[in-house]
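The opening position of the sequence shown corresponds to residue 1 in my numbering, with each subsequent residue numbered one higher. Virtual Cβ for every residue (Gly too), placed ideally from N, Cα, C. Notes follow the structure.
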Amino acid sequence: MNQQCELCEKDVYGELGVYSGDRNGIAVIMIKETSTRNWILCDSCSVLVCHSCCTRPETGYCNECIDRYKLSFDEEGRLRDP
Ligand SMILES: [Zn+2]
Ligand SMILES: [Zn+2]
């Protein structure tokens, strides 16, 4: 099943790969982010939005939360303290 952007309903691609395995008899789960992912899951409201619906995808927040909380970021996408 494809995931879709919750704003424009376009299919998104790339996902978090979850690998489970066993290391020395201990079950381990590894999560690896693929570099081709074109969407984010907003850190604040958990909405799934594609990069075209989000002006600052590198921050991990959707536009709505950036507006709502008046978040500001530096050039590298790090949250700036108010
Ligand atoms: Zn979208
Ligand atoms: Zn949000």
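Residue of the options minimising C-alpha distance to residue i
i     : options                    : result
ASP67 : GLU76, CYS5, CYS45, CYS50  : CYS45
ARG78 : CYS65, GLU64, GLN4, ARG56  : ARG56
GLY14 : ASN2, SER20, ASP81         : ASN2
ASN38 : GLU75, ASP11, ARG80, ASP74 : ASP11
C-beta contact flag for residue i and residue j at 7 angstroms
i     : j     : result
CYS53 : CYS8  : yes
GLU6  : LEU48 : yes
SER20 : ILE26 : no
heavy atom of ligand 2 below 6 angstroms from residue i C-beta
i     : result
SER72 : no
(Q) Pairs of beta-carbons, one from the segment 53-68 and one from the segment 35-44, closer than 8 angstroms: are there three or more? (A) Touching, yes.
Q: Would you list the residues whose beta-carbon is nearer than 5 angstroms to any heavy atom of ligand 1, in the order they occur in the chain?
A: In chain order, the hits are CYS5, LEU7, CYS8, CYS50, CYS53.
Q: With ligand 2 as the reference, list in chain order each residue whose Cβ lies under 7 angstroms from any of its heavy atoms.
A: Answer in sequence order: CYS42, SER44, CYS45, VAL47, TYR61, CYS62, GLU64, CYS65.
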